[in-house]
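Reviewing the structure listed below.
Protein chains: 2
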Amino acid sequence: MPDTRHTKYLLSEDEMPKTWYNVVPDLPRPPEPVLHPGTKQPVGPGDLAPLFPMALILQEVSGDQYIEIPEAVRDIYKQWRPSPLFRARRLEKALDTPARIYYKYEGVSPAGSHKPNTAVPQAYYNKQEGVTKIITETGAGQWGSSLAMAGAMFGIEIEVFMVKVSYNQKPYRRSMMQAYGASVHASPSDLTQAGRAILAQDPDSTGSLGIAISEAVEMVATSGGKAKYSLGSVLNHVLLHQTIIGQEALLQMAQADDYPDVVVGCTGGGSNFAGISFPFIGEARKKGLNTRFVAAEPMSCPSLTKGVYAYDFGDTLGMTPLVKMHTLGHDFIPPGIHAGGLRYHGMSPLISLLHDAGVIEAKAYHQTSIFEANLLFGKTEGILPAPEAGHAVKGALDEALQAKEEGKERVILFNLCGHGHFDMAAYDAYLSGKLEDYEYPAEAVAAAQARMPVV
Amino acid sequence: MPDTRHTKYLLSEDEMPKTWYNVVPDLPRPPEPVLHPGTKQPVGPGDLAPLFPMALILQEVSGDQYIEIPEAVRDIYKQWRPSPLFRARRLEKALDTPARIYYKYEGVSPAGSHKPNTAVPQAYYNKQEGVTKIITETGAGQWGSSLAMAGAMFGIEIEVFMVKVSYNQKPYRRSMMQAYGASVHASPSDLTQAGRAILAQDPDSTGSLGIAISEAVEMVATSGGKAKYSLGSVLNHVLLHQTIIGQEALLQMAQADDYPDVVVGCTGGGSNFAGISFPFIGEARKKGLNTRFVAAEPMSCPSLTKGVYAYDFGDTLGMTPLVKMHTLGHDFIPPGIHAGGLRYHGMSPLISLLHDAGVIEAKAYHQTSIFEANLLFGKTEGILPAPEAGHAVKGALDEALQAKEEGKERVILFNLCGHGHFDMAAYDAYLSGKLEDYEYPAEAVAAAQARMPVV
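For the record, the sequence lines run as chains A and B.
This note's numbering puts the last residue of the first sequence at 455; the count rises by one with no breaks.
This note's numbering puts the last residue of the second sequence at 1455; the count rises by one with no breaks.
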């Protein structure tokens, strides 16, 4: 009889890491410079100052391995952190696998996902530098609601451009932002030139993260210095803040007296995958371990598995600096899958570099397979995951089933980055057989990639 | 400057209580007997056997102070327990009160509320006695989704009658039950005589917990012994299971080196209020403390503040045994407030007795005041509470403001029984000014009370 006793690994608040983990010293080569969209020359910290407070810009370019978490940030982290790490014994039993499956659970935060890990420090550093208003965008709304919460806590006004397909699919996330006091616009909107340009081309546009970024950046640029911009993924400092996840998981795996053979996370812009994996990538380098790292992404928006590694804009209209990353083309509009948090044309430059260098692997999944995995997970472990998080569940299931086929042990650690309580309409669609899979839109991607800037 | 540092009190899994706390030995007089609806004579355990497994019936009538929690139940409890206890320093600061406010947070469970505390043991005891199917009802869906989860874990089929107004207001709770594998019907339905009788009178009936109970009980009674019944509140054994909350809170208040002057919980059927308060009621009796206990209920369904203390049916159609409780009349249909979990005509017999004996107090609130309280709580503490839980928030705010007025310290402990992630439509209604308050329906209650059985 397999042991199905529940096992949870907890840390005390005193054991909560006091630093974030910067992966830059572990990279096989230095990060590529960020380029000015006009001159195509490397930008300096001063070029980013209209968008971000200086403390975050310095984190963006830092080469230090450890960066201290301010006490005021740790104080709020303690509302939900340290988060639990579970051994998924009931799931293992259902799969009849020799693999040992562990998951770190970030759905215990007040917003129900990992996003507050960076929303809180971003609001904190903005507050420190006297910023009174932050403008951002959000896909599924996990990021927007987290920043809205952090804004309420620090007394900063928050304005959010929310991708229209999610605004309609997930109205409860919009309400949540408003409950925290934020104002929310469906993007594309008629509030910006960027939004109006998209609507002129396609009045029925359901939007994309890239378009919403264009709108938010334009709004900041035209605010006369009255507002700063904030991003919930992609950038180095955002990924940095999420490494509290992996830092805790390292301590918890030690409690379990075990160590992962493979670390799995879902990827949209890359922040939760970075959060769980970067500290383990550091361990692998320092100790010469053969740990595998698997990024799980949607088949319909597969930036790592199908994108090119090249300089491109972070937004659809080409207003942001150019970054070297895996990209499907900055004006590619992904299909309206329910994992709205993963609908981004690009990928974090740090994760792109790690993928290009062969440090990490990537896999792409159809959304029906994600919901099938989530239902099995919910029935065995009790938690119904968000569609985004389901990509990591599916990736972990694949690893466990492969171990079973090979008849070998395998230790799997994955990041369950959020619960699905806001996504029950998507579960409904799946359960009633109405959830569609979208084939990889090869032609649209090729066309978008042909429109990328030449660097 | 007040100290606004975040403070959370945690227990290790080893410290999780191994017993539930039975309040019966602490009552000022013995509980009143349950009567057969036909003969009006006291029922024995055998009379309840068609509805419940014997282990739960024995808990229902037990006079033992402590009842052991089975290891298999504790094992699943550990998925989310021990739950955190917080000191609400940011809220205290916003209120500028000398009161110290603590809250126990039950929204960390996979279902987002305290209901799994009893769903898991109920499924366990049914499984132990070979039951393969359980039929139940649910108001807002918190109970139904919790039993659906527990059923999935123990391999028991779950069928749920969900009050129609919530079925329509909260479709995500229905999807959640279905995701766990349960079947769900909007009540009143045409599947039972009870449902058809209500629909014949009023085809547009939005239902009530009382009607849904009638339907579930009838379905069990006509199942030929193939299904048992389960209730998510009201009964002694259900309240017993929830005392894990207060047992933990006692240990956590000791960690904080503090003790409540007043304990606050919301009441619908009474289970979460009992969960937090019963162990403290026991402490008060044994140590001669003057702790106050405040039950917070909706103004539109105020069973404790406006009900009579008398024998009445637990369901609308008069199929259940008669219990002595505070009741608005078994066929009173409460207005469709968003706190669907509190829309019940009666109150747990144990809590009714304690109220009648002056051990506990009760207060009634309008729903707009609940959402106002919840927004303040969300903006300061980060968590957006469920509308039901908001009654406890409001009760705690009132106590804190009274302490401020008196310029005196007061230690307040309340139970935050669930998060509001499924209730954002209600927040939306409040934020857009569309949330209505319902005056106390005095005439409808008087008419319903006139139709109560004569005992």
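Heads up, the beta-carbon is just placed ideally off N, CA and C, and yes, glycines get one too.
Here the structure is a predicted model, which means the values were calculated and not measured.
Check: CA-to-CA distance, A:Pro37 to B:Arg1081, given in whole angstroms; Outcome: 51 Å
Check: For B:Lys1228 and B:Gly1151, the rounded distance between their alpha carbons; Outcome: 13 Å
Check: Residue-chain proximity (B:Phe1422, chain A), Cβ-Cβ < 8 Å; Outcome: yes
Check: Cutoff 8 Å: B:Tyr1438 Cβ touching any chain A Cβ; Outcome: no
Check: A:His326 in three-state terms, based on DSSP; Outcome: strand
Check: Residue nearest to A:Met176 in terms of C-alpha spacing, selected from B:Asp1075, B:Tyr1430, B:Thr1327 and B:Thr1132; Outcome: B:Tyr1430
Check: CA-to-CA distance, B:Leu1058 to B:Ser1352, given in whole angstroms; Outcome: 21 Å
Check: Segment contact, 8 Å Cβ cut-off, at least three pairs: the segment 1034-1054 of chain B with the segment 1112-1129 of chain B; Outcome: yes
Check: When B:Gln1247, B:Arg1029, B:Leu1289 and B:Tyr1365 are compared against B:Ser1303, the one with the closest alpha-carbon; Outcome: B:Tyr1365
Check: Expected contact under 8 Å - CB spacing of A:Gly378 and B:Ala1179 to nearest Å; Outcome: 6 Å
Check: Buried or exposed by the 16-neighbour rule on C-beta atoms within 10 Å, applied to A:Glu159; Outcome: buried
Check: Which listed residue (B:Thr1138, B:Glu1297, B:Leu1091 and B:Gln1142) has its alpha carbon closest to that of B:His1185; Outcome: B:Thr1138
Check: Interface positions of the segment 1155-1180 of chain B facing chain A (Cβ-Cβ less than 9 Å), listed along the chain; Outcome: Pro1171, Tyr1172, Arg1173, Arg1174, Ser1175, Met1176, Gln1178, Ala1179 and Tyr1180
Check: Buried/exposed call for A:Met452, threshold 16 Cβ in 10 Å; Outcome: buried
Check: Three-state secondary structure assigned by DSSP to A:Glu15; Outcome: helix
Check: Span of the alpha helix (DSSP H) around A:Met219; Outcome: Leu209 to Ala221
Check: Alpha carbon of B:Leu1011 to alpha carbon of A:Leu10, nearest angstrom; Outcome: 10 Å
Check: Short CB-CB distance (under 8 Å) between B:Val1108 and chain A; Outcome: yes
Check: Limits of the unbroken alpha helix (DSSP H) element including B:Ile1198; Outcome: Gln1193 to Gln1201
Check: Neighbouring residues, chain A, relative to B:Asp1096 (Cβ below 9 Å); Outcome: Near B:Asp1096 there are no residues of chain A at all, since even the closest Cβ is about 16 Å away, more than 9 Å.
Check: Euclidean distance between Cα positions of B:Pro1387 and A:Lys287; Outcome: 51 Å
Check: Of the residues B:Gly1390, B:Gly1181, B:Glu1013 and B:Ser1062, the one placed nearest B:Leu1239, counting alpha carbons only; Outcome: B:Ser1062
Check: Check whether B:Pro1188 and B:Ile1211 have beta carbons under 8 Å apart; Outcome: yes
Check: Range of the contiguous beta strand (DSSP E) that encloses B:Pro1298; Outcome: Arg1292 to Pro1298
Check: For B:Pro1385, the residue or residues it bridges with in DSSP; Outcome: B:His1419
Check: A:Thr136: first and last residue of the uninterrupted alpha helix (DSSP H) it sits in; Outcome: Unbroken run through A:Thr136 is the beta strand (DSSP E), Lys133 to Thr138; no alpha helix (DSSP H).
Check: Where A:Lys379 meets chain C, residues with beta-carbon distance less than 9 Å; Outcome: Among the chains of the structure shown, chain C does not appear; the protein chains present are A and B.
Check: Environment of B:Asn1415 [buried if 16+ CB atoms lie within 10 Å]; Outcome: buried
Check: Three-way DSSP call (helix, strand, coil) for B:Tyr1427 in this model; Outcome: helix
Check: Chain-ordered neighbours of B:Glu1092 on chain A, where CB pairs are closer than 7 Å; Outcome: Within chain A, no residue comes near B:Glu1092; the closest Cβ sits about 14 Å away, beyond 7 Å.
Check: Cα-Cα separation between A:Val73 and A:Gln79, rounded to whole angstroms; Outcome: 10 Å
Check: Short CB-CB distance (under 8 Å) between A:Gln122 and chain B; Outcome: no
Check: Range covered by the alpha helix (DSSP H) that runs through B:Thr1118; Outcome: Pro1116 to Gln1128
Check: Residues in the segment 1066-1088 of chain B having any Cβ partner in chain A nearer than 7 Å; Outcome: Asp1075, Ile1076, Lys1078 and Gln1079
Check: Neighbour flag for A:Ala446 against chain B, beta carbons, 8 Å; Outcome: no
Check: Sequence-distant residues of its chain with Cβ nearer than 8 Å to A:Lys164 (five each side left out); Outcome: Ala186, Ser187, Pro188, Ser205, Thr206 and Gly207
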